[in-house]
Amino acid sequence: LDELKEIYFFNDIIKKYSRKTKKINNRVLIYQMARDSINLMVKDLIRNSLIKFKVNKINKLNDVYRSEDKLVCFSTRYENIIDEIRHFLNSKMYKNNKILKKNNEGKKIIEKLFKFISNKPRKFLTFLPIKHNKYRSVADYISGMTDRFAINIYKSIK
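Using my numbering, you'd call the opening residue of the sequence shown number 50 and step up by one each time.
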């Protein structure tokens, strides 16, 4: 949560709720941040898109097709905010070593499950019809698994 304060956009939301209540639960604060940030972004998208429609004189569907301008988009300010959030997520989450390690473990589990189930599809796909493509059916079956269920099967076949 402290790291999110580095992002001006989120810091404003945190300050807003900190002023309202002296002691706020972090879970509640995170929920409020998500809710407020989505709300602010949607409002900006709508407001900016309406401006674009007006500037480009969009009145009918054909006007949309003829327009070379991007009509539905965020304002420059929010594009910059989104870039800052994207950079934060890339550096703090997506490229985080712990997360990458977990991600690789997940890939390994899925690959092992895919190979194992593909060799014995009737054992696992008893209630699902095997379509024209056995591998597509296996992939659909695995994609419907919960993490816990997939891990349990993986442990049993290891």
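Note that the Cβ used here is the ideal one computed from N, Cα and C, for glycine as well.
Item                                                                                                     : Value
Helix, strand or coil at Phe-193 [DSSP, three-state]                                                     : Checking the sequence, you will find Gly at residue 193 rather than Phe. Of the three classes helix, strand and coil, the one that applies to Gly-193 here is coil, per DSSP.
Collapsed DSSP secondary structure at Leu-174 in the structure displayed                                 : coil
Nearest-angstrom Cβ-Cβ length linking Met-90 and Phe-59, presumed shorter than 8 Å                       : That pair is no contact at about 12 Å.
Distance between beta carbons of Asn-146 and Cys-122, contact taken as under 8 Å                         : That belief does not hold up - the Cβ atoms of Cys-122 and Asn-146 are roughly 35 Å apart, past 8 Å.
The stretch 94 to 108 touching the stretch 122 to 133, judged by at least three CB pairs closer than 8 Å : yes
C-alpha distance - Thr-175 paired with Ile-166, whole-angstrom precision                                 : 12 Å
Endpoints, alpha helix (DSSP H) assigned at Met-82                                                       : 75 to 104
Asp-51 in three-state terms, based on DSSP                                                               : coil
Secondary structure of Ser-124, DSSP reduced to three states                                             : coil
Simplified DSSP assignment, three categories, for Asp-118                                                : coil
DSSP three-state assignment for Ile-159, whether helix, strand or coil                                   : helix
For Phe-163 and Ala-188, the rounded distance between their alpha carbons                                : 7 Å
Inter-residue spacing [alpha-carbon to alpha-carbon] between Ser-67 and Ile-148                          : 30 Å
Short Cβ contact (8 Å threshold) for Asn-108 with Asp-118                                                : no
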